[in-house]
């Protein structure tokens, strides 16, 4: 990665970290309801892959841990936070919530809350790209546990058979909800599982953004050049529990500390300092600036935004009647 | 007006829509090279090629999801699920993705897919190939459900479903693919909402759809000729949303109602029709509305047992006679 890109991405990753930590606080304050799945620890995955791809151009789809993927595609953090607050100004107008952020303008095709559900949707997006003849690719970010769903195997088979332009990114954070991967899954290294479908695959360190970026460049190039699907596995770790009701009793604090020593933000920060591209004081200034931005812009926007109107409750269930009149009534 | 078979009408709708719009595709098991189990996609593979007429692996949930994902980008997939029994496997994608995506994205995305499948009981196909699932689909917000009772509807409903921006499930019937009927020679779009009065009458309303509509029509004939009872037959070709106004208007005229379906009684189409009658027409009624359904059992293989589970026109006739105190 180029030095200026690394500095830019470092700041973005700090935004992503602070955004999620601020969500946690807002959840405790009961400003955010429902389920909340946070991303700290995994930032290098989404950022590294999307730096190698074309955010806002390539189509991205993911599961319920989706805030940062949406933001990385170009969604305004203010609108993502407003969605978590359930506001009309939210990314999904307050109808989706944390697990269902959408921003189609930036080709972020949504967060979905059925584990493994996005696999076939991603393949379908790729099928549409193939039919239309564009050079976009579909990128599907999911966790390791999604690979135990039937949709994983069904989709790998179809994507390979039809040579679809789709990149599957497996963020292997070693836990499916509260069950360690070795307790639920016969194979820990997930990229091995797609070899039976003849899909190109690789695994890399998901904590070091430059390693992610380098591996993703190969993956993206493979898919975009028409060689069919690719499966990229990133070994990573989520610091917080699966969702908010999770006290992490299924793993040790020592294990968590070990992973935190390989924090993706600190790895990049320390590298930039050692390369003399920045100083610790510069980094502290970024943190301060980001905190100010999150509090005074992002949170402020979410707090001050209006609630959806109850009279609009049934809006968006079906298409606007006026636009469908001919098909609904048979009258031209 | 040309006479054609139900399957031919469906095939024609596919062909016209695919010829018009290169983004209309179809996918499903055995629909391409093999021409479709019920011939509904016959000849399309040769005409439009493997990129648009896609023989899928036997992976119902994922090929349905693939069609839904493609529809996000403006593709109009017609997905054939060979038998409705296999649609149980696709319900995750049908319900969690197609039906909900517009709502949970705040109107940004829509899934304009058409999902067709053959439902109902044919001949001795056993418990796992004889399901009636329309009751399940019609309860899902965000999904339209239609069910053609003749070739004209089969053609026109598919045409409209392909054009509509909402996901539409089309419930066909295994026993009806060879049924003949008139279909307009020119392009025809059947409304996706509403109901049709298939036979006008004054004494009792018979609500049927798909195969059960034909039991109602036969029963109406007998009631008229043998008992002097004038039955109105209402075709509920649209199961979601059900036509409240059409149901109300008919009951206001006849004051008696029988809801007839091949599904099992608990949580059936008939349950919903009668609930609507209670809500809309209670004070118009001269008798409590009744429903006629299949026995609530997994479908038996044995021919005699199978026949005993499925109602027919005679059951409709006796139910009506009871309403009039004649049985």
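Residue numbers (the numbering used here), protein chains in the order written: chain A, 4 to 335; chain B, 17 to 343.
Think of the CB as a built atom: it goes at the ideal place given N, C-alpha and C, for glycine as much as any other residue.
Computed from a predicted model, the values in this text were never measured in an experiment.
Residue 95 of chain B is bridged by DSSP to B:43 and B:131. The CB of residue 252 of chain B never comes closer than 7 Å to any CB in chain A; the least such distance is about 16 Å.
Counting other Cβ atoms within 10 Å of its Cβ, residue 166 of chain A stays below 16 and is therefore classed as exposed. The C-beta separation of residue 99 of chain A from residue 84 of chain B comes to about 17 Å, leaving the pair out of contact by the 8 Å criterion.
Under the three-state reduction of DSSP, residue 235 of chain B is assigned to helix. Judged by DSSP in its simplified three-state form, residue 240 of chain B adopts helix. If you ignore the 5 residues before and after residue 192 of chain B, its C-beta comes within less than 7 Å of the C-beta of 22 and 227, all in its own chain and listed in chain order.
At a cut-off of 7 Å, the C-beta of residue 207 of chain B has a neighbouring C-beta in chain A. Straight-line spacing of the CA atoms in residue 170 of chain A and residue 24 of chain A works out to 29 Å. Against chain A, the CB of residue 164 of chain B has no partner CB under 7 Å away; the residue lies outside that interface. Excluding five sequence positions before and after residue 141 of chain A, the CB atoms of its chain that fall closer than 6 Å to its own CB belong to 62, 125, 128, 129 and 169, given in chain order.
Counting along the chain, the unbroken beta strand (DSSP E) around residue 187 of chain B starts and ends at 184-189. In the DSSP secondary-structure assignment, residue 20 of chain B is bridged to B:197.
Under a criterion of Cβ atoms nearer than 7 Å, no residue of chain A is adjacent to residue 256 of chain B; the nearest Cβ is some 10 Å distant.
Under the three-pair Cβ rule at 8 Å, the segment 48-59 of chain A counts as touching the segment 10-18 of chain A. Taking the Cα positions, residue 91 of chain A is about 27 Å away from residue 43 of chain A. Residues of the segment 310-329 of chain A with a C-beta atom less than 8 Å from some C-beta of chain B are 318, 319, 320, 321, 322, 326, 327 and 329, listed in chain order. Residue 148 of chain B carries a coil assignment under DSSP once its states are collapsed to helix, strand and coil. Close CB contacts of residue 47 of chain B within its chain, under the 7 Å cut and outside five residues either way in sequence, are with 57, 69, 71 and 96 (chain order). Annotation for residue 169 of chain A: the continuous beta strand (DSSP E) segment containing it runs 169-175.
When Cβ-Cβ separations below 7 Å define contact, residue 246 of chain A makes no contact with chain B.
For residue 221 of chain B, the enclosing beta strand (DSSP E) starts and ends at 220-224. Three or more pairs of CB atoms, one per stretch, sit closer than 8 Å, so the segment 149-162 of chain B contacts the segment 178-193 of chain B. For the segment 49-68 of chain A, no residue has a beta-carbon sitting nearer than 7 Å to a beta-carbon of chain B.
Nearest to residue 182 of chain A by alpha-carbon distance, out of A:73, A:254 and A:81, is A:254. Taking the Cβ atoms as the reference, residue 161 of chain A lies roughly 6 Å from residue 78 of chain B, within the contact range of under 8 Å.
When C-alpha distances from residue 57 of chain A are compared across A:75, A:149, A:270 and A:296, the shortest belongs to A:75. With the criterion set as a beta carbon lying under 8 Å from some beta carbon of chain A, the members of the segment 118-129 of chain B are 118, 119, 120, 121, 122, 123, 124, 125 and 126, in sequence order. Between residue 133 of chain B and residue 103 of chain B, the C-beta spacing is below 7 Å. Residue burial is scored here from C-beta neighbours: residue 199 of chain A has fewer than 16 other C-beta atoms within 10 angstroms and is therefore classed as exposed. Every beta strand (DSSP E) of 3 residues or more that sits fully in the segment 53-112 of chain A is shown, in chain order, as 62-65.
Using a CB distance cut-off of 7 Å, residue 88 of chain B counts as an interface residue toward chain A. The beta-carbon separation of residue 342 of chain B and residue 253 of chain B, rounded to 30 Å, does not stay under the 8 Å limit for a contact. Note that the segment 82-96 of chain A touches the segment 300-311 of chain A; at least 3 beta-carbon pairs, one per stretch, sit closer than 8 Å. Residues of the segment 88-104 of chain A with a C-beta less than 7 Å from any C-beta of chain B: 95, 96, 98, 99 and 103, listed in chain order.
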